[in-house]
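Student:
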Amino acid sequence: MIIALYPGSFDPITNGHLDIATRASRLFDKTIIGVFATPSKHLTFSIEERVALAKEATKNLPKVEVMPYQDVTVEFARKVNASVLVRGLRMVGDFEWEFEMAMMNQLLAPGLETINFMASQEYQFLSASLVKEVSLLGGGVNKISKLVPPNVEAALKKKFLTKK
Ligand code: ADP
63 MIIALYPGSF DPITNGHLDI ATRASRLFDK TIIGVFATPS KHLTFSIEER
113 VALAKEATKN LPKVEVMPYQ DVTVEFARKV NASVLVRGLR MVGDFEWEFE
163 MAMMNQLLAP GLETINFMAS QEYQFLSASL VKEVSLLGGG VNKISKLVPP
213 NVEAALKKKF LTKK
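Numbering-wise, my numbering puts 142 at position 80 of the sequence shown, and it's gapless, one number per residue.
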């Protein structure tokens, strides 16, 4: 049984993330979306919110599970018996960081293989931070339905439109 861990901050989960999770779930027996509790970046959604949004968005993917984690990623991978780390790779910007991280994880946990999925064409320029920026600016929040699942669109509207 091959278990894959797809780690990230998922703040919030987007259609780009869902595309990677769906494609990974066709290859592995189980794909765990690991929601990292305390990334070193400014967060919009709490860990509970990020996990709930990801769970709802993946409820029709039977081989995908969502779990929060606090540890170093490789340690969490060990705890859940994952032998593969899944990450996405967009054409611009991701490569160096993903490469660095894969090298570090290889050093920390030899045998845990990182597999990078090329982002699909329609999601190459989609990032959670851009979606939030557009939402924050008001009008954009009504135009993001192609980029995020319906429950995330609703959560963004609630968060950003009620603030205005
Ligand atoms: P992190 O904070 O670790 O960058 P993210 O949640 O932003 O976590 O991203 C998790 C993973 O998902 C990363 O490998 C990132 O490259 C990938 N990813 C993010 N957006 C997309 C997208 N639009 N298409 C494919 N992969 C993506």
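Backbone N, C-alpha and C define an ideal beta-carbon position, used for all residues, glycine too.
1) Just checking G96 against the ligand ADP - is the residue's beta carbon closer than 7 Å to any of the ligand's heavy atoms?
2) Give the list of continuous beta strand (DSSP E) stretches no shorter than 3 residues that lie fully inside the region 169-201.
3) Rounding to the nearest angstrom, what Cα-Cα distance links K121 and S207 in this structure?
4) Check whether the region 134-153 and the region 168-185 are in contact - that is, three or more C-beta pairs closer than 8 Å.
5) Threshold first: 4 residues or longer. Then list the alpha helix (DSSP H) segments lying entirely within the region 82-111, N to C.
6) Can you give me the start and stop residues for the beta strand (DSSP E) that P69 sits inside?
7) What does the alpha-carbon distance come out to for the pair F98 and A190?
8) When every heavy atom of the ligand ADP is checked, does at least one fall within less than 7 Å of the C-beta of I109?
9) Where do the ends of the beta strand (DSSP E) carrying P229 lie?
10) In terms of residue numbering, what span does the alpha helix (DSSP H) encompassing R140 cover?
11) Quick one: is the Cβ of H104 within less than 7 Å of any heavy atom of the ligand ADP?
12) Nearest to V232 by CA position, among L199, I94, L170, is which residue?
Tutor: Let me lay it out:
1) No, the Cβ of G96 stays beyond 7 Å of every heavy atom of the ligand ADP.
2) With a minimum length of 3 residues, the continuous beta strand (DSSP E) runs that stay inside the region 169-201 are 175-180.
3) S207 has its alpha-carbon roughly 18 Å from the corresponding atom of K121.
4) These segments touch.
5) Runs found: none.
6) If you look at P69, you'll find it in the beta strand (DSSP E) that goes 65-70.
7) The alpha-carbon atoms of F98 and A190 are separated by roughly 15 Å.
8) Distance from the C-beta of I109 to the nearest heavy atom of the ligand ADP is not below 7 Å.
9) In this structure the chain extends from 63 to 226, so residue 229 is not present and cannot be described.
10) Residues 135-141.
11) No, the Cβ of H104 stays beyond 7 Å of every heavy atom of the ligand ADP.
12) The requested residue 232 is not part of the displayed model; the chain covers only 63 to 226.
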